[in-house]
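**Q**
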Amino acid sequence: MFNPVDIILSFVLLSVLFSFGTDRVLILIKLLGFQGVVVSIIPFFIGHDMSTGGTVFTLVTLVIRGIVIPLSIFVAIRKGAIRRVVEPIVGYHASILCGLAVIIGATYISGRLDIVSVSGFKLLEPTAIALLVTGMFLLMTRRNAIAMVIGYIMMENGIYLVGSGLSVGTRHIVEFGILLDVLAGVMIMAVILRNIKQTFDDVDTALLRTLKD
Amino acid sequence: MVEIVFLTPFIAGLVALFLPKLIGRSLLVLTGAAHLTLSFMLWRNQPQAIFDQYFAVTPEGMLSLLVISLLFFLISIYTVGFLKESQIQSESLFTGAMLVFLSTMTMVTLSDHIMVMWIAIEATTLASAPLIYTHRSAASLEATWKYVLICSVGIAMALLGSVLVAFSMGQANAGTPISFSALAGVAKTLDPMWLKAGFVFILVGYGTKMGLAPMHTWLPDAHSEAPSPASALLSGVLLNCAFLGIFKTNKIMVAAGLEDFSGGILMVFGLLSILAAATFILKQNEYKRMLAYSSIENMGIIAFGTGVGGLGVYGAVICMLHHSLIKSSLFLCSGNILLGYGDRMIKNTGNLIKVMPRTFVAFFAGFTGIAGLPPFGIFIGELCIIVAAFKAGHYVAITVFILSLCVIFAGFANQIMKISFDECDTVIKIKETAGMVWPQYLLLLTSLILCFYIPDSLNQTISDAVIAIGGGLR
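Chains E and U, in that order, give the protein sequences.
Numbering of the first sequence is given in the working numbering, commencing with residue 1 and proceeding in unit increments.
Numbering of the second sequence is given in the working numbering, commencing with residue 214 and proceeding in unit increments.
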């Protein structure tokens, strides 16, 4: 019947819907932290026998994805006193409708795909696809630079979830390398965000359009 | 000891962050020389890596590594002169980032594991971001933001693609390591659907980094805003590194018998890039952006040639070698021009032949090389690709290819003539010192020598690289 993983994944799906509709950067960051925590604890529930190294690695992932990454964006906002509205290109109501379409589409597609998943969880693939598409949606339809960075991290979370459903697990050292890259990327983006704020006095990416042909 | 080649510049880079200016500059050149020596030793001995499930010496990687090493050494010599003339606020960050950037690119060429390749390519983005932001201006901030965001998102696609390729192994190959060489070995047993999906995502992902249209939008901005030695590295070797990821994945596709699928997509992206370059180069009014669009064109040619297969792959590799050598020398020349005239716009330059004769020689020679005039290397490469495409019967594609090359030549030549011979009364701000022109001459000379004489050992490496994806001098 229902197992705990499917239940927490359904919360992630709800948070996806929520992130389509919200206009506050702060709420987006909180949602991001929640999604980060959930995707990093999934390996605990998947059949593998957890070695000590595996457990430590999962906990490190949890700390980085769930706490360090959202916190570093939060700090970037606090220091720069950046405007906190996401400045959408597509309106909130239309966004929520898109969110519904994304979730339905993701469920349909993952039903069609014949994935040999070891997990047996019904919601793993739909959630992963939904996270990926949501990240891309935020990247494309929000002019606020912070919302774009958040979109990028959501995409990464989605990819991590796809990977954790794999029957062939990569080694922890490799996954750790990927995590380190993502973390460094977010740190650099946070530095750039602060500089954008200082230079332009705003984080609206419409200001970043002087270079073009 | 394969790993030492990328660990040396990494450590040197970290040290350089804390060194005063003058010592940092000499460390840059010294590390460049050490790296070149190590790369040659690697090429001669072909040793086994310590972490052999992650790293391996492959012919295509070795070829890129030799180019990176040679280019970096010559560019580092130029950089010393460049740094004396230009005002850069945090020079230690610049030299440190250059060295770490070299280290990450070396790691790309040596990685065999599909995920380690991803880690290394993403690391090149992160290491080169401070280089683009060197001037601390609003425009350079914009370029850095676009570069980091577009490339990170693009490369995230490649990560998804890599995961999908791992998916294609299924239960049957559960014990196989996820490395390019191992996957090529068991390619026939991989699930073609997942493999195809993985290839598309990897092509889009690494294609973003390589500058294939329509994902190329970051490239002109980043190349024009970065200081010229960094632009030369970005254009000359970073784009090749991204291509290496596509090339190696294509190797798996060919081994799995899916070369028609992968070749078709590569040709479409290649043609799109050449068309995009032809559209934007005609009306270009900044010379560094013009060179950047020329890089997009050349990446398009390389992707197209790889897609055509057979002789085309050989042509693509030849184009890649010569493009790196010539384009980096052109970017270094553009650095001299920028320092001399103090302006990026083509209309504010002119009469280069009189005011900066030594730069003019390298700039104009570079132009004739990159435009594909015979008997230079790019011409030979393009000819191979055209012949291969005719043999394979892609008549429409090759017509578009040739016509676009003509348009690009016309646009490029028009701008170069303006820079070289138009009237201009600007007073030149710098002296052309030997260190700021000889690296360009040496790069061009290497390219020229390689047109007429390729050492047997190098030729062997090239043919080993192209044979794996069904290419060769046939």
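The beta carbon of each residue, even a glycine, is placed where N, CA and C say it ideally should be.
These numbers come from a predicted model, not from an experiment.
State buried or exposed for leucine 595 (chain U), treating a residue as buried only when at least 16 other CB atoms are found within 10 Å of its CB.
**A** Here residue 595 (chain U) turns out to be glutamate, not leucine, going by the sequence shown. So glutamate 595 (chain U) counts as buried.
**Q** When you compare only the Cα positions, how much space is there between leucine 616 (chain U) and glutamine 261 (chain U)?
**A** Roughly 46 Å between the two C-alpha positions.
**Q** With a threshold of 8 Å, are at least 3 pairs of Cβ atoms found where one atom belongs to the segment 206-213 of chain E and the other to the segment 278-298 of chain U?
**A** Taking 8 Å as the limit for Cβ pairs, the verdict is that the segment 278-298 of chain U does not touch the segment 206-213 of chain E.
**Q** Where does histidine 326 (chain U) sit, in a helix, a strand or coil, going by DSSP?
**A** Residue state, collapsed to three classes: strand.
**Q** So phenylalanine 18 (chain E) is in the alpha helix (DSSP H); what residue range does that whole segment cover?
**A** Where phenylalanine 18 (chain E) is concerned, the enclosing alpha helix (DSSP H) stretches over 4-21.
**Q** Kindly say whether leucine 312 (chain U), judged by its beta-carbon, lies nearer than 8 Å to any beta-carbon of chain E.
**A** It does not; no Cβ of chain E falls within 8 Å.
**Q** Got a sec: is the Cβ-Cβ distance from threonine 134 (chain E) to anything in chain U below 8 Å?
**A** No, no contact with chain U.
**Q** Skipping 5 residues on each side, what residues in its chain have a beta carbon closer than 7 Å to that of glycine 555 (chain U)?
**A** Within the same chain, glycine 555 (chain U) has close Cβ partners Lys642.
**Q** Which word fits cysteine 364 (chain U), buried or exposed, when buried means at least 16 other C-beta atoms lie within 10 angstroms of its C-beta?
**A** So cysteine 364 (chain U) ends up on the buried side.
**Q** Name the chain U residues whose beta carbon is nearer than 9 Å to that of tyrosine 152 (chain E)?
**A** Residues of chain U passing the Cβ test: Leu362, Ser365, Val366, Ala369.
**Q** Relative to the alpha-carbon of leucine 32 (chain E), which residue among E:Ile192, E:Phe44, E:Leu17, E:Ile46 has its alpha-carbon at the smallest distance?
**A** If we check each option's Cα against that of leucine 32 (chain E), E:Leu17 comes out closest.
**Q** At the level of alpha carbons, what is the spacing between isoleucine 682 (chain U) and proline 390 (chain U)?
**A** Cα-Cα distance, rounded: 21 Å.
**Q** Could you please give me the residues that DSSP links to methionine 486 (chain U) through a beta bridge?
**A** The identity of residue 486 (chain U) in the sequence shown is serine, whereas the question assumes methionine. BP columns for serine 486 (chain U) are empty, so no partner.
**Q** Sorted by chain position, which residues of the same chain lie with C-beta nearer than 6 Å to glycine 528 (chain U)'s C-beta, five sequence neighbours on each side aside?
**A** Only Gly518, Gly594, Cys597, Ile598 meet the Cβ criterion.
**Q** Within its chain, find whatever has a CB closer than 7 Å to the CB of glycine 69 (chain E); leave out the 5 residues flanking it on each side and keep chain order.
**A** It is isoleucine, not glycine, that sits at residue 69 (chain E) in the sequence shown. Here the set comprises Gly36, Ile153, Leu183, Val186.
**Q** Under DSSP, the alpha helix (DSSP H) around valine 85 (chain E) begins and ends at which residues?
**A** Run containing valine 85 (chain E): none; DSSP gives neither H nor E here.
**Q** I need the boundaries of the alpha helix (DSSP H) containing lysine 560 (chain U), first residue and last residue.
**A** Taken as a continuous stretch (DSSP letters only), lysine 560 (chain U) belongs to no alpha helix (DSSP H), as it is neither H nor E.
**Q** For chain E, is any of its Cβ atoms less than 8 Å away from the one on isoleucine 465 (chain U)?
**A** Not one chain E Cβ lies under 8 Å of isoleucine 465 (chain U).
**Q** First and last residue of the alpha helix (DSSP H) that includes glycine 33 (chain E)?
**A** Looking at the DSSP string, the run of the alpha helix (DSSP H) that includes glycine 33 (chain E) is 25-45.
**Q** Is aspartate 204 (chain E) helix, strand or coil when you go by DSSP?
**A** Aspartate 204 (chain E) falls in the strand class under three-state DSSP.
**Q** Provide the residue(s) that pair with phenylalanine 268 (chain U) in DSSP beta bridges, ordered along the chain.
**A** In DSSP, phenylalanine 268 (chain U) forms a bridge with U:Ser324.
**Q** So which residues on chain U does threonine 210 (chain E) lean against when the C-beta distance must stay under 9 Å?
**A** Those within 9 Å of threonine 210 (chain E) in chain U are Ala351, Ala352, Glu355.
**Q** Using only CA atoms, which one of U:Ala342, U:Leu377, U:Ala351, U:Pro587 lies nearest to tyrosine 360 (chain U)?
**A** Ranking the options by Cα distance to tyrosine 360 (chain U), first place goes to U:Ala342.
**Q** Going by alpha carbons, who is nearest to leucine 484 (chain U) out of U:Gln384, U:Phe614, U:Ser381, U:Pro570?
**A** Measuring from the Cα of leucine 484 (chain U), the nearest candidate turns out to be U:Phe614.
**Q** Closer than 7 Å, Cβ to any Cβ of chain E: which residues of the segment 473-494 of chain U, in chain order?
**A** So the list reads Phe493, given in the order they occur along the chain.
**Q** Here's the rule I'm using: 16 or more other beta-carbon atoms within 10 Å means buried, otherwise exposed. How should isoleucine 680 (chain U) be labelled?
**A** Looking at its Cβ environment, which holds fewer than 16 other Cβ atoms inside 10 Å, isoleucine 680 (chain U) is exposed.
**Q** Spell out the partners DSSP gives glycine 245 (chain U) in its beta bridges.
**A** None; glycine 245 (chain U) has no bridge partner.
**Q** How far does the alpha helix (DSSP H) with methionine 140 (chain E) in it reach, from first residue to last?
**A** First-last of the alpha helix (DSSP H) with methionine 140 (chain E): 124-141.
**Q** What number of angstroms, rounded off, separates the C-alpha of isoleucine 559 (chain U) from the C-alpha of alanine 340 (chain U)?
**A** About 30 Å.
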